[in-house]
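Be aware that the sequence shown starts at 35, since it is given in the numbering used here, and climbs by one per residue.
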Amino acid sequence: MNISYIDKEKQYLRRTMKELRIHRNPQELERAGELICQKIINWDVYKHCTYVLAYFPVNHEADIRPVLDHGLNHGKIVALPKVTGERTMEFYPVPSLGHLVRGTMGLMEPGPGLSPVDLTSTTMGEASKILMLVPGLAFSRSEVTGRSGRIGRLGYGGGFYDTWLNRFFQNSRHVSAAPEYFVTCGVAYEFQVVPKERLPMDCHDLYLDCLATEIEI
35 MNISYIDKEK QYLRRTMKEL RIHRNPQELE RAGELICQKI INWDVYKHCT
85 YVLAYFPVNH EADIRPVLDH GLNHGKIVAL PKVTGERTME FYPVPSLGHL
135 VRGTMGLMEP GPGLSPVDLT STTMGEASKI LMLVPGLAFS RSEVTGRSGR
185 IGRLGYGGGF YDTWLNRFFQ NSRHVSAAPE YFVTCGVAYE FQVVPKERLP
235 MDCHDLYLDC LATEIEI
């Protein structure tokens, strides 16, 4: 199978960013992670949301466990992903981070006995406010809307988040009780942010609403 130019560019940038994260000073990453968490917790979108769809950090990703613990301790529904098939995942609410087990691809995921969140269910009502924190290897900020609004993202190549988001947006069009708001926010260190023209994206890649780094949201 021929590999397109854009796919080659994605592979190269993925390798580059993985190397940058691996060789970064651990104390620097820890401090940056603390600043990212502070900014998210103090963010109005987070303060008012009812659901936090997030990730459990691995492989030098920004450590948002303080945000997850804060949400659990302040009455928010915190849901983490679990791989359920090829390019598919579901988010499961967890009562605590202690309910995670090592699952697919060695990732920590919600354990057995939990039910996935149905964000388009009419039982949720229109008052639901959802914040989704999305990991990635590289991001770009839009030059048109400034530092928020149209955020490009390069993930790990599995297509899990794009597939889930596409399905969510399609389903949301056909229910009467869609969430009051649904905000997607990338989470990364500032060195993972590249100029828009350096981030390879194709027609299947989705943009995010916001980006949280140690500098700003």
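Ideal Cβ placement from N, Cα and C applies to all residues, glycine included.
Among the candidates the options, whose CA atom is the shortest distance from the CA of residue i?
{"i": "His104", "options": "Met166, Leu114 and Cys71", "result": "Cys71"}
{"i": "Met235", "options": "Val217, Gly191, Ala66 and Asp243", "result": "Gly191"}
{"i": "Phe216", "options": "Val92, Arg65 and Val79", "result": "Val79"}
{"i": "Phe173", "options": "Gly186, Ile251, Arg49 and Leu102", "result": "Gly186"}
{"i": "Ala246", "options": "Val228, Asp152, Leu240 and Glu224", "result": "Glu224"}
{"i": "Gly140", "options": "Arg99, Leu131 and Asn93", "result": "Asn93"}
{"i": "Val151", "options": "Pro229, Val221, Ile75 and Thr84", "result": "Thr84"}
{"i": "Val228", "options": "Gln45, Ser38 and Met51", "result": "Met51"}
{"i": "Arg49", "options": "Lys81, Arg184, Gly189 and His82", "result": "Gly189"}
{"i": "Lys42", "options": "Pro146, Trp77, Leu54 and Leu233", "result": "Leu233"}
Run the CB neighbour count on residue i, radius 10 Å, all protein chains shown included, and call it buried at 16 or more, exposed below.
{"i": "Ile56", "result": "exposed"}
{"i": "Ile40", "result": "exposed"}
{"i": "Gln61", "result": "exposed"}
{"i": "Gly170", "result": "buried"}
{"i": "Met123", "result": "buried"}
{"i": "Leu242", "result": "buried"}
{"i": "Tyr89", "result": "buried"}
{"i": "Lys5", "result": "Residue numbering for the chain in the displayed model covers 35 to 251; residue 5 lies beyond these limits and cannot be assessed."}
{"i": "Phe203", "result": "exposed"}
{"i": "Lys110", "result": "buried"}
{"i": "Gln226", "result": "buried"}
{"i": "Arg175", "result": "buried"}
{"i": "Val112", "result": "buried"}
{"i": "Val178", "result": "The predicted position of Val178 is uncertain, since its pLDDT is 49 and thus under 50; a value taken from the coordinates is nonetheless stated next. By the neighbour-count rule (16 or more Cβ atoms within 10 Å), Val178 is not buried but exposed."}
{"i": "Glu250", "result": "exposed"}
Quick check on residue i: does DSSP put it in helix, strand or coil?
{"i": "Pro127", "result": "strand"}
{"i": "Lys230", "result": "helix"}
{"i": "Gln204", "result": "helix"}
{"i": "Thr247", "result": "coil"}
{"i": "Leu167", "result": "strand"}
{"i": "Leu148", "result": "coil"}
{"i": "Gly193", "result": "coil"}
{"i": "Gly253", "result": "Absent from the model: residue 253. The displayed extent of the chain is 35 to 251, so no value can be given."}
{"i": "Phe225", "result": "helix"}
{"i": "Tyr39", "result": "helix"}
{"i": "Arg184", "result": "coil"}
{"i": "Pro91", "result": "coil"}
{"i": "Gly109", "result": "coil"}
{"i": "Leu199", "result": "helix"}
Under the assumption that residue i contacts residue j (Cβ atoms under 8 Å), give the Cβ distance between them as a whole number of angstroms.
{"i": "Leu165", "j": "Pro144", "result": "Incorrect: roughly 18 Å between the Cβ atoms, too far for contact."}
{"i": "Glu248", "j": "Ala66", "result": "4 Å"}
{"i": "Arg99", "j": "Leu131", "result": "7 Å"}
{"i": "Val168", "j": "Tyr195", "result": "6 Å"}
- Message: Please give the ranges of any alpha helix (DSSP H) in the region 43 to 85, keeping only runs that are unbroken, at least 4 residues long and fully inside the region.
- Response: 60 to 75 and 78 to 82
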